[in-house]
Amino acid sequence: MIYIPSYIKINLTLRVFVPREDGYHEIATLFHKLGPVEWLGVKKFNDPAQKDVINSHNIVISGTNIINRAIDFLREKGIKLPPMECDIWKILPIGSGIGAGSGNAAAMVEWLSTVHDIDLDPSELASIGADIPFFLSKSKTALATGVGERLKLLDQLTGIYALLAIPDKSISTAEAYRKLDEDRKKGNINIVPVSHAIYEALNIYGNLERRKKIGLLPNDFISILRKESDFYDKFFDLCNTFKSSLAWSVSGSGSSAFCLFTDKYEALKAQEVMSSKLVEISKIFVLE
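Count along the sequence shown starting at 1, add 731, and that's the number in our numbering.
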């Protein structure tokens, strides 16, 4: 069995625009890759009549796994792939806003592309997971527009450590977007212009490069999540007390929250503080 590392992402910024006719929302976001966190074990079956087998360990995944969809997509493109078995050692719960499932699918696609010499446009895989093109890029940080598939790759932000906290409650992406749209119809949340969102993201990227303290990073879902739980305000307040903390926010549409540090030791100390003071935390990591 071959073992493949799988990465996650956080959204350093996230601005959401009006829904498209297909139901998806255009976004402008600053992606940042972390990990690896999860691992895939893959082996090929010798019997061509065998069906693919996807085993998820630790966390049950209902319905068709995104890895199945990625494999089926490649076969529909005319790529001849043998049947295979994939074991996923899940650590991160669904609905955390960190793209763990897309990271799994991207890890599988990248491995298959190398083994079978597949020449594939990563943006084609956005229909399976909007952030898969970013995971397949070689960059650690990127500005993304469209539904997340149009990328401007940026120089890597190095020497920054992310304290990632996942609370014991999740929110589905569909539900988060529904509530955001409802609040906007009521006039509670404004939509920023696309040009402002891009300028904002690149300005924040520059400040992070210079290690300038920023504080709360912009994410249109913050107000939605604050209504769901007081966990986020408590987390943000604690982030502001740490000496080397740079910035903090939520990732994607939630439920994860993160805090960025310039010092790994300080991030590990903050992990201990967060764990002792926030009983809502289900999982907490320090990642680079």
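C-beta atoms are modelled at their ideal positions from N, C-alpha and C, and glycine is treated no differently. Just so you know, these numbers come straight off a predicted model, no measurement behind them.
Same chain only: Cβ atoms within 7 Å of K883, ignoring 5 sequence neighbours per side: A873 and L874
Inter-residue CB distance, F707 and K740 (contact presumed, cutoff 8 Å): In the structure as shown, the chain begins at 732 and stops at 1019. Residue 707 is therefore absent and cannot be evaluated.
Under 8 Å between C-beta atoms of A905 and I863: no
Where do the N-terminal and C-terminal ends of the beta strand (DSSP E) with L771 fall, by residue? Start and end: H756 to K775.
Measuring straight from C-alpha to C-alpha, what distance separates S954 and L991? 20 Å
Where does R941 land, buried or exposed, given buried means 16+ other C-beta within 10 angstroms? exposed
If I measure Cβ to Cβ from Q1002 and keep anything under 7 Å in the same chain, skipping five residues before and after, which residues do I get? If you ignore the 5 residues before and after Q1002, its C-beta comes within less than 7 Å of the C-beta of L894, I1015 and V1017, all in its own chain and listed in chain order.
Which term fits N934, buried or exposed, when burial requires 16 or more other beta carbons within 10 angstroms of its beta carbon? Around the beta carbon of N934, fewer than 16 other beta carbons sit within 10 angstroms, so the residue counts as exposed.
Kindly indicate which three-state DSSP category V923 falls into: helix, strand or coil? coil
Output the boundary residues of the alpha helix (DSSP H) element that contains S976. Not the alpha helix (DSSP H): S976 falls in the beta strand (DSSP E), residues S976 to V981.
Could you please give me the residues that DSSP links to R881 through a beta bridge? T876
DSSP beta-bridge partners for H788? W820
Going straight from the alpha carbon of L823 to that of E880, what length do you get? 23 Å
Proximal residues to I856 (C-beta, below 6 Å), its chain only, five neighbours per side dropped: Sequence inspection shows Leu at residue 856; the Ile mentioned does not correspond to that position. Cβ within range, chain order: I863.
Consult DSSP for R957 and reduce its assignment to one of helix, strand or coil. helix
Express the C-alpha separation of A861 and I899 in angstroms, rounding to a whole number. Before going on, a small fix: residue 899 reads as Asp here, not Ile. Each residue's alpha carbon lies about 25 Å from the other.
Which same chain residues, not among the five before or five after S1006, have their C-beta less than 8 Å away from its C-beta? Same-chain partners within the cutoff: I1012 and I1015.
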